[in-house]
DNA sequence: TGAGGGCATAAGCTGGGGTTATGGCCAGAG
DNA sequence: CTCTGGCCATAACCCCAGCTTATGCCCTCA
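Chains as they are written, first to last, in my numbering: chain G, 1 to 316; chain Z, 317 to 632.
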């Protein structure tokens with residue numbers, strides 16, 4: 001009974017968990033179906049539930065949000081203006097859920113999958129789900145299995161014949177592999193908007209960066225290696241302010257203002273867009289690194305691997 | 317009992333709804349808390365549930381995904397490698413849900429809110445939720461109400477004193493209002509990857525575009541007005557292939573290959589990134605348009621409105 | 001050698017979401 | 001002008017996912 005808690009307070013406050021204020025995925029999917037099909041009943045049929053179930057689901061969603069979403073008529077249902085807006089927001093949630101699903105499905109994929117992919121953490125986190133969705137759209141019967149690890153682990157899997165295609169970020173191609181650049185990434189220095197670095201007028205110098213304790217991932221992460229290498233000439237990296245186990249944790253700490261950090265552009269894209277973090281320009285250094293697809297030397301990817309490779313080429 | 321259905325089939329297939337394959341928001345939030353706090357019990361406490369509830373929730377999520385997510389020990393719980401990956405995917409779902417919540421909350425906002433915003437559909441759909449999240453992070457007690465409509469409606473609200481700040485996309489500032497450019501948008505010609513236009517070697521000419529029936533929104537949308545104006549010198553727009561009520565519907569039709577369309581870059585960003593749609597370059601024309609914040613002439617925004625305005629300035 | 005933090009198991013309750021059955025409403029056909 | 005069919009709402013009932021409280025085991029650390 002966590003209901004009669006802070007209810008009389010103002011409407012703000014994540015005291016009430018997000019899950020209680022946002023309709024669940026089933027409801028959002030249903031709403032999308034209603035928008036597309038123009039009728040509660042048809043949407044219900046498509047989703048495989050009964051018409052009254054759909055009706056009540058939509059109704060309770062409207063109650064929860066406090067807004068009328070669909071205009072019912074004896075000839076069907078149309079979205080209201082608010083409904084159209086809500087539907088588009090819902091669409092983004094559903095798309096994120098689809099990416100989650102595509103990734104999770106690959107993660108549990110059996111070893112006998114038709115396409116076995118090994119990828120670095122960063123690529124697996126931020127790019128692969130999108131590729132997998134595109135792949136599924138074009139070749140729905142391709143079962144994909146995913147194994148995530150660092151560059152060395154990816155190379156090992158490929159050479160052992162336990163993976164068909166690999167993806168790594170880094171400065172060079174691991175020995176024994178051929179590769180193709182499929183994109184570019186760079187490390188960015190970030191800080192919370194309230195951090196002094198976010199208000200600097202002048203660019204940061206590399207020496208300053210090297211001298212400042214940062215929030216970093218533990219040793220062994222590709223990000224950290226690149227950083228180590230780049231700062232080697234400037235006295236090396238200062239002792240970290242915090243050493244955390246996951247990129248997520250690092251971002252959370254940086255967002256909460258614990259200190260500055262250095263992270264992949266891919267990892268902080270969302271945070272920068274939402275201004276939870278601010279990029280701190282660094283003088284003269286780019287911290288760039290290529291994203292590569294890799295495979296055992298001489299064995300050009302064929303079949304599903306070749307197809308997935310094709311999907312990745314056109315992306316940023 | 318929709319369980320014993322297509323279970324023996326391959327793992328592909330959205331026969332089973334997404335909602336049954338993706339943990340619900342509560343579970344994802346819980347997982348994020350576990351990742352951040354390093355213990356099931358602490359996460360449970362933060363989320364306001366009992367420790368056994370958290371334990372069972374995480375366990376059933378692991379079962380559902382078929383992957384171990386956390387490594388339990390008597391000293392706490394750490395994410396596994398797969399868990400870290402899943403957590404980051406989960407984070408994106410939760411962030412989309414937060415945007416949904418921020419938007420929905422504003423949509424139902426009472427008229428007595430401290431900040432009343434009127435915005436064009438495109439801006440309300442794609443940019444406002446992010447701003448609202450940022451605003452809430454910095455000024456948690458600002459209650460925002462949102463009203464979405466076309467440029468004329470936004471102007472009307474502002475002039476009637478029923479809104480404090482407006483956002484419009486278009487070529488000029490409505491009469492009676494002052495404004496500031498806060499970003500830029502452009503219309504892009506898009507087609508499904510399988511569409512002939514997606515494989516063209518040569519750029520499309522404006523005349524070709526004008527002569528081709530397109531999938532468009534109904535009359536009255538800002539997008540369509542810009543397009544009408546731009547093609548007026550080339551024989552005007554051909555009769556539409558399809559006229560649909562919402563941007564969502566237009567995109568869905570284009571993705572499914574019904575034909576080419578012209579949409580705001582903001583609206584198709586996701587689809588382009590996921591290669592569900594492909595941009596078709598057009599020779600010599602940019603179809604650009606400014607995004608503007610607007611307010612009644614002479615009444616510079618102050619208070620919360622000024623603050624929100626500040627948040628928008630740094631974004632793309 | 002307690003004491004305490006952390007996780008798991010067990011037993012029982014609750015409510016949201018599902019189902020079937022039915023009724024009202026409106027449009028267009030006969 | 002009535003009939004028929006598509007669409008939505010209401011009612012009554014059912015079930016299971018997820019919550020709670022009450023324990024117990026395990027490990028670490030003072």
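Glycine included, each C-beta is placed from N, C-alpha and C at the ideal position.
In the DSSP assignment, residue 500/Z forms a beta bridge with 606/Z. Three or more pairs of CB atoms, one per stretch, sit closer than 8 Å, so the region 426-446 of chain Z contacts the region 465-480 of chain Z. Scanning 347/Z, 487/Z and 627/Z for the CA closest to the CA of residue 371/Z turns up 347/Z.
Flagged as an interface residue toward chain Z: residue 246/G, by a C-beta distance shorter than 8 Å.
For residue 373/Z, no CB of chain G lies under 8 Å from its own CB, so it is not counted at the interface with that chain.
Secondary structure note for residue 256/G: it is in no alpha helix (DSSP H), with a DSSP letter that is neither H nor E. For residue 270/G, the residues of chain Z that pass the 8 Å Cβ criterion are 408 and 411, in the order they occur in the chain. Per the C-alpha coordinates, the member of 600/Z, 357/Z and 413/Z positioned closest to residue 86/G is 413/Z.
When CB distances to chain G are screened at a threshold of 7 Å, the residues of the region 336-360 of chain Z falling below it are 337, 338, 340, 341, 342, 345, 351 and 352, in chain order. Within the region 446-520 of chain Z, the complete alpha helix (DSSP H) runs of at least 4 residues fall at 467-475. Interface with chain G (8 Å Cβ-Cβ cutoff): residue 591/Z is included.
Taking C-beta atoms as the reference points, residue 185/G and residue 264/G count as a pair closer than 8 Å. With respect to residue 611/Z, residue 446/Z sits apart: the two C-beta atoms are not nearer than 8 Å. Short of 6 Å from the beta carbon of residue 196/G, and not among the five residues preceding or following it, lies no beta carbon of its own chain. For residue 215/G, none of the residues of chain Z pass the 8 Å Cβ criterion, the least Cβ distance being about 14 Å. Cβ-Cβ separation between residue 44/G and residue 53/G: approximately 6 Å, consistent with a contact (criterion under 8 Å). At a cut-off of 8 Å between beta-carbon atoms, residue 627/Z makes contact with chain G.
Selection 518/Z, 606/Z and 568/Z evaluated against residue 91/G yields 568/Z as nearest (Cα-Cα). About 14 Å separates the Cβ atoms of residue 241/G and residue 227/G, ruling out a contact at the 8 Å cut-off. Under a criterion of Cβ atoms nearer than 8 Å, no residue of chain G is adjacent to residue 468/Z; the nearest Cβ is some 14 Å distant.
From the listed residues 541/Z, 628/Z, 566/Z and 527/Z, the smallest Cα separation to residue 605/Z is found for 541/Z. For residue 68/G, no Cβ of chain Z is located within less than 8 Å of the residue's own Cβ. By the Cβ criterion, the region 389-402 of chain Z is in contact with the region 102-119 of chain G, since at least three pairs of Cβ atoms, one from each stretch, lie closer than 8 Å. In this structure, the beta-carbon distance from residue 522/Z to residue 598/Z falls below 8 Å. Listed by position along chain G, the residues whose Cβ is nearer than 8 Å to that of residue 403/Z are 246 and 248.
For residue 201/G, not one C-beta of chain Z is nearer than 8 Å to its own C-beta. Boundaries of the beta strand (DSSP E) around residue 118/G: 115-119.
Neighbours of residue 133/G across chain Z, judged by C-beta separation under 7 Å: 590. In this structure, DSSP gives residue 123/G a helical state, which the three-state scheme calls helix.
Residue 434/Z is a Cβ neighbour of residue 473/Z, given a cutoff of 8 Å. What residue 595/Z touches in chain G, judged by beta-carbon distance under 8 Å, is nothing: the nearest beta carbon there is about 10 Å away. DSSP places residue 389/Z in the uninterrupted beta strand (DSSP E) bounded by 386-389.
Annotation for residue 70/G: 34, 58, 77, 78, 79, 80 and 83 place their beta carbon closer than 7 Å to its own, counting only its chain and skipping 5 residues before and after. Around residue 185/G, no beta-carbon contact reaches into chain Z at under 9 Å, the shortest distance being about 15 Å. Shown here for residue 275/G: same chain residues with a beta carbon closer than 8 Å to its own, the five before and five after excluded, namely 193 in chain order. Interface with chain G (8 Å Cβ-Cβ cutoff): residue 472/Z is excluded.
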